[in-house]
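The number in this note's numbering is simply the position in the sequence shown, starting from 1, with 27 added.
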Amino acid sequence: MNWALVGTGGITNNFLTGLRAVADANIVAVVSRAEESARQFSVTHNIEKSYTDYDQMLEDPAIDIIYLGTPHTTHKDYAIRAFSAKKAVLCEKPAAINAHDLEEMIATARKNHVFFMEAMWTRFVPPLCKVREWLRYGLIGEIKMVEANFGFSVPWKPAERWLNPALGGGALLDAGVYPISLASMIFGGKKPEKIVSILNIGKTGVDEEVSAVLSYNGRIANISTALCTKMVNDAYIYGTNGYIHLPDFVFSHHASLFTDGKYHYNYEPEFISNGYNYEAEEVISCIRAGKIESDIMPLDESLAIAHTLDTIRFQNNFKYPGEK
Ligand SMILES: NC(=O)c1ccc[n+]([C@@H]2O[C@H](COP(=O)([O-])OP(=O)(O)OC[C@H]3O[C@@H](n4cnc5c(N)ncnc54)[C@H](OP(=O)(O)O)[C@@H]3O)[C@@H](O)[C@H]2O)c1
């Protein structure tokens, strides 16, 4: 299937590496706002077509799937235009800046009957697939709690995406979406019925540290995220009969299962490419099967996660420019 990559920044370069490892994928086009970046990216990566006009790219009948590797604030507009042109979209996380925008994106994708998925790549790597299997088999008993952190220190460049409110900057949307998505995956994909949170706004006007306790039908997730703090980014899933440990869970290469205080199993499978290949394989296999969304990262769950992110921000009076 033929892909067009939109944006030439950090994540597009990583995703491209993963996509190259997918047998059924051709990268046929790149879109950049600047002609020189588009040309340079296409030459460096040996991509046949480069565009500076997004709509012109959408008119290209050779292109099946659009990958959006652009700042969160741009996702809605790019995705809606792609759906109207009947193109499938894999959209970087968070799929939108808020639930209101994501609702509109989902409605447009469904109306046009085209595939749409949030690029929550961590869900598709082999250790996370194994964790879902362990949980399905009840190997740690009844699941009671999840604890997960994702935080790091970004370079202090206030104009760039991470720290800039106009580009949807802040820890919660960039990094906090991972532990929340993990908890959601484990606790059934619905919005928590109760959320208690603390969110600290930094000098550039975006959230630099966030902690939240979320209750999913009485089961508890404890998450923290940060943009200017080096954290240990592990996740734990606790059950009545044991627990699972995912070291560095966003870049998960292995999962450890501990049951009954005696049994310990370490799952560390061979990892193909850099891991972004697995989400791309999911997109292709869904489209080949005639599906317009993934069962592993369903759209209603992405929307529930977006509502959770909104609730945490709004509890702490944090809104993006132009948000009501
Ligand atoms: N899945 C992951 O592991 C992962 C990791 C990092 C980021 N992300 C997500 O990917 C998205 C992009 O993050 P990034 O770190 O790659 O950002 P980045 O390095 O700043 O790159 C974003 C690119 O988007 C393009 N772009 C289009 N419209 C833009 C606008 N209005 N302002 C700025 N750039 C614009 C630019 O390419 P041109 O100049 O060529 O147009 C830019 O290079 C974010 O939503 C982020 O949350 C995901």
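Where a beta carbon is used, it is the ideal one built from N, C-alpha and C, also for glycine.
Residue closest to THR100, alpha-carbon to alpha-carbon, out of ALA115, GLU320, ALA126
ALA126
Could you tell me which residues DSSP puts in a beta bridge with VAL12?
The shown model of the chain, from 28 to 351, leaves out residue 12, and the question about it has no answer.
Mark ILE92 as exposed unless 16 or more other C-beta atoms lie within 10 angstroms of its C-beta, in which case mark it buried.
buried
Would VAL358 pass as a contact of TYR290 if the rule is Cβ separation under 8 Å?
With the chain covering only 28 through 351, there is no way to say anything about residue 358.
In this structure, how does DSSP classify GLU297 when only helix, strand and coil are distinguished?
It is coil, neither helix nor strand.
When the Cα of ARG60 is compared with those of ILE54, GLY34, GLY349, ASP51, which residue comes out closest?
Sorting ILE54, GLY34, GLY349, ASP51 by C-alpha distance to the C-alpha of ARG60 places GLY34 at the top.
To which residues of the same chain is THR286 closer than 7 Å at the C-beta, ignoring the five residues directly before and after it?
LEU166, ILE167, ASN268, GLY269
VAL310, enclosing alpha helix (DSSP H) - first and last residue
303 to 315
Ignoring anything shorter than 4 residues or poking outside the segment 81 to 156, list the alpha helix (DSSP H) runs there in chain order.
81 to 85, 99 to 111, 126 to 138
Taking the C-alpha atoms as reference points, what is the distance between ARG47 and ILE54?
8 Å
Determine the direct distance from the alpha carbon of MET144 to that of GLU297, and round the result to whole angstroms.
25 Å
Exposed or buried, what is LYS157 when buried is set at 16 or more other beta-carbons lying within 10 Å of its beta-carbon?
Under this definition LYS157 is a buried residue.
Could you spell out the range, first to last residue, of the beta strand (DSSP E) harbouring ILE271?
First-last of the beta strand (DSSP E) with ILE271: 269 to 273.
Among the candidates TYR81, ASP80, ALA65, ASP82, whose CA atom is the shortest distance from the CA of ILE74?
ALA65
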